[in-house]
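Written out below as structure tokens is the structure these notes cover.
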Amino acid sequence: MVSKYSPRLKVVAENKIILNGQVVSYNVKRSTRARRVRLEMKRRTELTVIVPCTYPLEHVTDIVKSKQRWILNTITRFEDYPLFSEKSIVSGDVIAYLGKQLRVVAKKGKETIPVYLERNRLVVNSASGNGELRSMLQTWYKTQAMTLIQEKADKWSAKLSVNHNRITIRGQKSRWGSCSRNGNLSFNWKLVMAPETVIDYVVIHELAHLKQMNHSKKFWQLVAAYCPEWRDCKKWLRNHESELANGLFARQMKLEL
């Protein structure tokens, strides 16, 4: 998730470690607010280990070693996908949509449609808008989210025999959906970067709250009846939370232990 370092964070150590033959530099910072250790990576070369004030520094190396897979995978993501870098999105970059990787192609054409899907490409007609690619793409993503989630909500509400009211598309950092007691639903537009099975799970999850406004055993039984793979979907969201949460404005990836 994106976050700003608190003034209470203080660098107490700088170190290097070799992970699978790759030299990784990292800083250790103490936090007066942290209750547990967390790893944050801002750009591929900036790994920070944040620890509580009383945490023994001699244990940090073991923590870094134990999270070798996450660290190296995150470095690879920064290298392979410009979505997770600080530079602006440009033509040729790759971004996610419905669980697939699409190539962004910017061109000036006669079309009046600002952004459209063409096979495995997301074409941005730079002549049709005044914004940068990232801004135009985000507008397109939000529109797709509204259309797709509305369709899925209507479909699954009929199957669950429930009636929902207004649907709102928002851009929360880590909340994928919510359901109010009066039947209003809210969903995160960034969900359209996830596979459709995951989107279905989130929609079913929120609609199930219209029958069970809790997370009781009955609630999960209801979800499982319409989404047998809900555990896999929930796990997918947890594993990809950082990149989804940051949407098209990703700056930093975090792992809390």
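Residues in the sequence shown are numbered from 4 upward in steps of one, following the working numbering.
By construction, the Cβ of each residue, glycine as well, lies at the ideal position given by its N, Cα and C atoms.
Query, Result
"Contacts around Leu60, its chain only, beta-carbon distance under 8 Å, and the 5 residues preceding and following it disregarded", "Val15, Ala16, Val31, Val54"
"Contacts around Cys182, its chain only, beta-carbon distance under 7 Å, and the 5 residues preceding and following it disregarded", "Leu188, Glu209, His212, Leu213"
"Cβ distance (whole Å) where Leu145 is taken to contact Ile172 below 8 Å", "The question names Leu, yet the displayed sequence has Lys at residue 145. Between Ile172 and Lys145 the Cβ distance is about 6 Å, and since that is below 8 Å, they are a contact."
"Closest residue to Leu247 among Tyr204, Gln175, Tyr229, Glu232 (Cα-Cα distance)", "Gln175"
"Unbroken alpha helix (DSSP H) run spanning Arg137, endpoints", "136-163"
"Under the three-state DSSP convention, the category Ile116 falls into", "coil"
"Coil, strand or helix - Asn187 by DSSP", "coil"
"Boundaries (first-last residue) of the alpha helix (DSSP H) holding Cys236", "233-242"
"DSSP-derived helix/strand/coil call for Asn23", "coil"
"Inter-residue Cα distance where the pair is His167 and Trp239", "26 Å"
"Buried or exposed (CB count within 10 angstroms, at least 16 for buried), Leu125", "buried"
"Buried or exposed by the 16-neighbour rule on C-beta atoms within 10 Å, applied to Asn219", "Correcting the residue identity first, residue 219 is Ser in this sequence and not Asn. Flag for Ser219 reads exposed."
"Bounding residues of the alpha helix (DSSP H) (the contiguous stretch that carries Ser69)", "63-69"
"Asn128 burial status per 10 Å Cβ neighbour count (16 or more: buried)", "buried"
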